[in-house]
Amino acid sequence: MESYVTIKNFDEDVEMGNKTNEISESRSVIMNNGEKTTTCFSSKQQRQPQSQSQSQTHRLVSLDVFRGFTVGLMILVDEAGGLFRALNHSPWNGVTLADLVMPFFLFIVGVSLALAYKKLPSRVVASRKAILRALKLLALGLFLQGGYFHRLGDLTFGVDLKQLRWMGILQRIAIAYLFTALCEIWLNADNTVNSGSSLVRKYRYQWAVALFLSGIYICLLYGLYVPDWEYQIPTEPSSAPMTLSVKCGVRGDTGPACNAVGMIDRTILGIQHLYKRPTYARMPECSINSPDNGPLPPDAPVWCQAAFDPEGLLSSVMAIVTCLVGLHFGHIIVHFKDHRVRMLYWMIPTSCFVVFGLTLDLFGMHMNKVLYSFSYTCVTAGAAGFLFVGTYLMLKLIGIGT
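If you use the numbering used here, the sequence shown closes out at 411, no skipped numbers anywhere.
Have a look at this one:
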């Protein structure tokens, strides 16, 4: 005889004084090979395992490990960057380990957004939450780098609006996060994904945005005319500040003095609101202890003491592209469950990014973290992809969850 189960549920409400207690009982009548048994239990207890399972957060372990590695690298760079050249930011062209931290974080943000927005009950609500979160991150960045303590040992805190640095690391992450989140919320088609080509078709508008931003960056970097400019440096307290003039009058220059990235920041943000200790101050032209900080050489160019923001406006455009690349990696996780398919669809763009970026660097479009050059974007996004894939594969081989 086959076994079968019949379950009957009902709720009973009991009122006591001014309070009402809802007592729910479930009685199960189980018929198994002609034997009848009855069990009673609370429906609250019945629903508890279900609610617990619903509240569990399914995490991508490889992404957590990659995030932890990036945080560890950031701490290592901050604490030991002055001891080892590879752990210090490149003064201008070139890439070191320290220059990988920012693009790795942006890549992680992109992957996380694809997982977070896998299901969207309301696009408007999701957009509102993304904007609010970005504003909080912007405010935190301004607070951390814009405040000052009036004197040593004083607990008072203030903000110098005349010298406040508008851009920064958290501000850049907030901008990239918000732009990428809005792209993920609004720019995706409704077609089903069952192959690599269908994946590209579904998110073709996001790829179009990434190409458009890259084109805008390249056109502005190499097409804008950079005129001569001036800046002031403080002297003795009783003396007026010294004014220095930098001669430019060029287009397409990617050196420290006359690039379009710095010109846009000086024009829109104001030079007094830029970063006061730029990395190019460690170049041989500006430091006798290069690649470390040091006194100016006797024949140092006038731009060596000028402010320059490594998280400026134009360079943040390419930071958005890095975040969009991470978003694509997250889409592969969402739509494909086979590990071999994931690895294949990850390795194809990763390899293309690295090869293309190195080729651009070889032909003169150098990798530059301060400018966030196109070649730098490609190589660092590819490096993030390789490390993420390696982490994913390692955890898969040793049997840790995916």
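Where a beta carbon is used, it is the ideal one built from N, C-alpha and C, also for glycine.
Computed from a predicted model, the values in this text were never measured in an experiment.
Just how far apart, CA to CA, sit residue i and residue j?
{"i": "lysine 138", "j": "proline 304", "result": "48 angstroms"}
{"i": "phenylalanine 116", "j": "leucine 146", "result": "17 angstroms"}
{"i": "threonine 189", "j": "isoleucine 329", "result": "7 angstroms"}
{"i": "threonine 389", "j": "valine 80", "result": "16 angstroms"}
{"i": "proline 243", "j": "glycine 177", "result": "23 angstroms"}
{"i": "glycine 119", "j": "lysine 128", "result": "16 angstroms"}
{"i": "alanine 95", "j": "arginine 68", "result": "32 angstroms"}
{"i": "isoleucine 84", "j": "asparagine 200", "result": "43 angstroms"}
{"i": "tyrosine 354", "j": "isoleucine 341", "result": "7 angstroms"}
{"i": "glycine 261", "j": "aspartate 237", "result": "14 angstroms"}
{"i": "serine 62", "j": "valine 168", "result": "Confidence at serine 62 is low in this model, with a pLDDT of 39, below 50, so its placement is unreliable and the value that follows should be read with caution. One C-alpha to the other measures close to 47 angstroms."}
{"i": "lysine 256", "j": "proline 310", "result": "10 angstroms"}
{"i": "histidine 98", "j": "alanine 107", "result": "5 angstroms"}
{"i": "glycine 339", "j": "leucine 396", "result": "15 angstroms"}
Quick one: residues in its chain with C-beta nearer than 6 angstroms to the C-beta of residue i, no 5 flanking neighbours on either side, listed in chain order?
{"i": "tyrosine 289", "result": "Pro100, Trp101 and Pro265"}
{"i": "tyrosine 226", "result": "Val326 and Met327"}
{"i": "glycine 391", "result": "Thr359, Phe362 and Val363"}
{"i": "glycine 150", "result": "Gly177, Leu179 and Gln180"}
Is residue i helix, strand or coil by DSSP?
{"i": "glutamine 241", "result": "strand"}
{"i": "leucine 170", "result": "coil"}
{"i": "valine 70", "result": "helix"}
{"i": "tyrosine 284", "result": "coil"}
{"i": "threonine 252", "result": "strand"}
{"i": "tyrosine 212", "result": "coil"}
{"i": "valine 270", "result": "helix"}
{"i": "glutamate 44", "result": "Residue placement at glutamate 44 cannot be trusted, given a pLDDT of 45 that sits under 50; what the coordinates show is reported in the next sentence. Three-state result, glutamate 44: strand."}
{"i": "valine 235", "result": "strand"}
{"i": "valine 202", "result": "coil"}
Buried or exposed for residue i, please, with buried defined as at least 16 other CB atoms from any protein chain shown within 10 angstroms of its CB.
{"i": "leucine 72", "result": "buried"}
{"i": "histidine 337", "result": "buried"}
{"i": "histidine 251", "result": "As written in the sequence, residue 251 is methionine, which differs from the histidine given in the question. Methionine 251 is exposed by the Cβ-count criterion."}
{"i": "serine 431", "result": "This structure gives no information on residue 431, because the portion of the chain shown stretches from 10 to 411."}
{"i": "glycine 271", "result": "buried"}
{"i": "phenylalanine 383", "result": "buried"}
{"i": "isoleucine 407", "result": "exposed"}
{"i": "glycine 366", "result": "buried"}
{"i": "arginine 291", "result": "buried"}
Below 7 angstroms CB to CB, which residues in the same chain sit around residue i once its five sequence neighbours on both sides are set aside?
{"i": "alanine 269", "result": "Leu229, Leu230, Leu233, Val235 and Leu323"}
{"i": "alanine 143", "result": "Ala183, Tyr186 and Leu187"}
{"i": "alanine 135", "result": "Tyr126, Leu129 and Ile194"}
{"i": "proline 293", "result": "Ser299"}
{"i": "threonine 386", "result": "Met327, Val330 and Thr331"}
Below 8 angstroms CB to CB, which residues in the same chain sit around residue i once its five sequence neighbours on both sides are set aside?
{"i": "isoleucine 273", "result": "Leu229, Leu233, Gly321, Leu322 and Leu323"}
{"i": "valine 343", "result": "Ala123, Leu124 and Lys127"}
{"i": "glutamate 239", "result": "Thr252, Leu253, Ser254 and Val255"}
{"i": "valine 259", "result": "Tyr234, Val235 and Cys267"}
inquiry  = Quick check on the DSSP output: what are the complete alpha helix (DSSP H) runs of length 4 or more inside the segment 98 to 151, in order along the chain?
reply    = 110 to 125
key: Whole runs of the alpha helix (DSSP H) within the segment 343 to 387, excluding any shorter than 4 residues   = With a minimum length of 4 residues, the continuous alpha helix (DSSP H) runs that stay inside the segment 343 to 387 are 348 to 371.
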